[in-house]
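Numbering (the numbering used here), first residue to last: 16 to 364.
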């Protein structure tokens, strides 16, 4: 990352292991055991299988999966603060992360800010300007930055804290600035975000603590509030803690009462097309390239055949039956972050 790096790698650990997956013959590689729950896993480069995990102790670690058998994880120092910033603005734990172009990422902090970061296989740090100073933190938000999403072209982003989700746009130099457009809810905190980009339109979906998924049409500013996805009859009893879109056609949500639900992304008032209930809290959802839906939570990791049917095809993906907090996918593997700090790499191709 060059001489201007403001964070340093302080430890390196390579661990290799394999565990036979019951009844499936697939391998699981144990990567690292940390000091707290893995709050977020984020893939920075799918083809190179570079990823970052953030744990409850405030650590940020960059790793690289190698065909499901070995992972290198590099522990990095805490993000540096500018001289004109309070140390609190870079405070961990770090709750969210999204890739924002080659070698770049946005990271949500406990200090009510969004940090523009640079990464490579050696670590992750704050981006710097021409004077070598970290780019100013984006914010302040009203609380912990629980999630952040970036458009496919890398020019727009949304983050969320409490019941607000401000939007950001990339300048010509790639740095982000506020647009002034903020998605607002007055029924509960926004916990997760997902984007649907299709036919020139941009929909932002919000997973809310009141048990709803809310949709906004953010194609133009200000964004248009489209209301509760599926109508009031779809309100669950638990916080919507997991959310993703599939091929810009479906939106899949999961909540703390164990319900996993699929709706049409382009018909937000329509009834659910599929719904299943799991025995425990849902914490995260990812979708593989072949359409399989991977769901993680206090029950472990399960697999459904596709978003529109949600037929269970594996009740213990990679043999994982213990509590999981976060998921991410590379071109060949699923990154699984457990509630006790373990990270597993599960090949799926």
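Here a beta-carbon is modelled for each residue, glycine too, at the ideal position from N, C-alpha and C.
Taking the Cβ atom as the reference point for each residue, do residue 89 and residue 137 lie within a distance shorter than 9 Å? Looking up residue 89 in the chain shown gives position 74. Looking up residue 137 in the chain shown gives position 122. Yes, Cβ-Cβ distance for residue 89 and residue 137 is below 9 Å.
7 Å CB neighbourhood of residue 61 in its chain, flanking five on each side removed: Numbered from 1 along the chain shown, position 46 holds the residue referred to as residue 61. Contacts found: 345 and 346.
So residue 214 and residue 283 are in contact, right, with Cβ under 8 Å, and what is the actual spacing, rounded? Along the chain shown, read from residue 1 onward, the residue named residue 214 stands at position 199. Along the chain shown, read from residue 1 onward, the residue named residue 283 stands at position 268. 15 Å between Cβ atoms; not a contact.
Kindly indicate which residue of 303, 331 and 81 has the alpha-carbon position closest to the one of residue 293. Start at 1 with the first residue of the chain shown, and residue 293 comes out as number 278. Of the candidates 303, 331 and 81, the one whose C-alpha sits nearest the C-alpha of residue 293 is 331.
Pick out the complete beta strand (DSSP E) segments inside the stretch 318-343, 3 residues or longer, and give them in chain order. Segments of the beta strand (DSSP E) lying fully in the stretch 318-343: 327-329.
Assuming residue 152 and residue 164 are in contact, meaning their beta carbons sit under 8 Å apart, how far apart are those beta carbons, in whole angstroms? Taking the chain shown and counting its residues from 1, one reaches residue 152 at position 137. Taking the chain shown and counting its residues from 1, one reaches residue 164 at position 149. Going by Cβ atoms, the distance from residue 152 to residue 164 rounds to 18 Å, so no, they are not a contact pair.
Can you give me the C-alpha to C-alpha distance between residue 123 and residue 174, rounded to a whole angstrom? Your numbering for residue 123 matches position 108 in the chain shown. Your numbering for residue 174 matches position 159 in the chain shown. About 8 Å.
Report the residue from 96, 166 and 109 whose alpha carbon sits nearest the alpha carbon of residue 52. In the chain shown, residue 52 corresponds to position 37, counting from 1. Nearest to residue 52 by C-alpha distance, out of 96, 166 and 109, is 109.
Spatial neighbours of residue 114 within its chain, please: CB distance less than 6 Å, with the 5 preceding and 5 following residues excluded, ordered by chain position. Counted from its first residue, the chain shown places residue 114 at position 99. Here the set comprises 59 and 120.
Helix, strand or coil: how does DSSP classify residue 232 here? Position 217 of the chain shown, counting from 1, holds the residue named residue 232. In this structure, DSSP gives residue 232 an extended state, which the three-state scheme calls strand.
Between residue 247 and residue 241, which are expected to be in contact by the criterion C-beta below 8 Å, what is the C-beta distance as a whole number of angstroms? Indexing the chain shown from 1 puts residue 247 at position 232. Indexing the chain shown from 1 puts residue 241 at position 226. Wrong, their Cβ atoms sit about 14 Å apart, outside the cutoff.
Say whether chain D places a C-beta atom closer than 9 Å to the C-beta of residue 197. Protein chains in the displayed structure number just one, and chain D is not present.
Cβ-Cβ distance between residue 272 and residue 245 below 9 Å: Residue 272 sits at position 257 when you count from the first residue of the chain shown. Residue 245 sits at position 230 when you count from the first residue of the chain shown. It is not a contact, given that the beta carbons lie outside the stated cut-off.
Can you pull the DSSP bridge partners for residue 177? In the chain shown, the residue the question calls residue 177 occupies position 162. DSSP lists no beta-bridge partner residue for residue 177.
With a 10 Å radius around its C-beta and 16 neighbouring C-beta atoms as the bar for buried, classify residue 159 as buried or exposed. Here residue 159 refers to the residue found at position 144 of the chain shown. Per the 10 Å Cβ criterion, buried.
Residue 105 (DSSP reduced to helix, strand or coil): For the purposes of this step, residue 105 is identified with residue 90 of the chain shown, where counting begins at 1. The answer is helix: DSSP assigns residue 105 an H, G or I state.
Return yes when the Cβ of residue 270 is within less than 9 Å of the Cβ of residue 235, no when it is not. For the purposes of this step, residue 235 is taken as the residue at position 220 of the chain shown. For the purposes of this step, residue 270 is taken as the residue at position 255 of the chain shown. Result no, Cβ atoms of residue 235 and residue 270 do not sit closer than 9 Å.
Just checking my contact of residue 134 with residue 219 at CB under 8 Å: how many whole Å lie between their CB atoms? Here residue 134 is taken as the residue at index 119 of the chain shown, counted from 1. Here residue 219 is taken as the residue at index 204 of the chain shown, counted from 1. Not quite, the Cβ-Cβ distance comes to about 25 Å (not below 8 Å), so this is no contact.
Looking at the secondary structure, which residues open and close the beta strand (DSSP E) in which residue 269 lies? Sequence index remark: in the chain shown, residue 269 carries index 254 (1-based). Taken as a continuous stretch (DSSP letters only), the beta strand (DSSP E) holding residue 269 covers 265-270.
Check residue 135 in the structure and name its three-state DSSP category. Your numbering for residue 135 matches position 120 in the chain shown. Three-state result, residue 135: strand.
Span of the beta strand (DSSP E), counted from its first residue to its last, around residue 156: As a position in the chain shown, residue 156 is number 141, starting the count at 1. For residue 156, there is no enclosing beta strand (DSSP E), since its DSSP letter is neither H nor E.
From the DSSP output, which residues share a beta bridge with residue 212? Position 197 of the chain shown holds residue 212. DSSP lists 217 as partners of residue 212.
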